[in-house]
């Protein structure tokens, strides 16, 4: 289980997270929803070890990971597909995937996971020798998620995976999230498309200005009038 308790994050003089506490149980999809600037991405970046100016506790399977650097976090079993994809545009699809596996030495396992990623994203197999920067936005999102999966994580954190995608691709992204979760992987999802996120989530948290203001099952929050008015168009 991934557990965050009383997490505070500062950017210079800005208090971005003000005591966030959440849990992501093993094998579940947990989503964070909220407006821009609510602190969703900051929460993921803090867990990933990318933010240092923080206090509170972050633990995974009972082990404190709050002081780990990003490489150590990945080796502990937590990977992130960042907002904006952040692929390597001058490297091929295959090379991007191999960089996702940089912390691994199990060649057989890497080959097995590469096969699985290509099965999840058949288009990536077709474009495996194509440079990442020449892919469409939707294809780059597939590449970013696949690259994170190549580290063989137990917890996959996804930061705005549907951002900027056409509706048909958004549907595909959420089908892939379900497929990943069905293999037993825990998913911590940050997503502005609250309707789609709540539909796939076992549990959800609502962030506003750095604080969690509501939590419950995906179904409970999708039926909550406050959530419907603020994020689901009434």
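Residue numbers (the numbering used here): 117 to 350.
Note that CB positions come from ideal geometry on N, CA and C, so glycine has one too.
Check: Using only CA atoms, which one of 147, 155 and 239 lies nearest to residue 320?; Outcome: 147
Check: Three or more C-beta pairs closer than 8 Å, one from the segment 208-222 and one from the segment 242-249: is that the case here?; Outcome: yes
Check: Could you tell me which residues DSSP puts in a beta bridge with residue 170?; Outcome: 125
Check: Measure the alpha-carbon distance for residue 222 versus residue 229 and round it to whole angstroms.; Outcome: 11 Å
Check: Spatial neighbours of residue 283 within its chain, please: C-beta separation below 7 Å, excluding the five flanking residues on both sides.; Outcome: none
Check: Given this structure, state the Cα-to-Cα distance separating residue 291 from residue 285, to the nearest angstrom.; Outcome: 10 Å
Check: Cα-Cα, which of 326, 318, 325 and 324 is closest to residue 337?; Outcome: 318
Check: Cα-Cα, which of 170, 193 and 184 is closest to residue 117?; Outcome: 193
Check: Following the continuous beta strand (DSSP E) through residue 333, name the residue where it begins and the one where it ends.; Outcome: 327-333
Check: Using only CA atoms, which one of 161, 175 and 235 lies nearest to residue 265?; Outcome: 235
Check: Mapping the DSSP letters down to three states, classify residue 245 as helix, strand or coil.; Outcome: coil
Check: What are the complete alpha helix (DSSP H) segments, minimum 4 residues, inside the segment 173-246?; Outcome: 186-192, 209-216, 223-236 and 238-242
Check: Looking at C-beta atoms only, is the number of pairs between the segment 117-130 and the segment 160-172 that lie closer than 8 Å three or more?; Outcome: yes
Check: Count the CB pairs spanning the segment 151-168 and the segment 269-280 that are closer than 8 Å, and state whether there are at least three.; Outcome: yes
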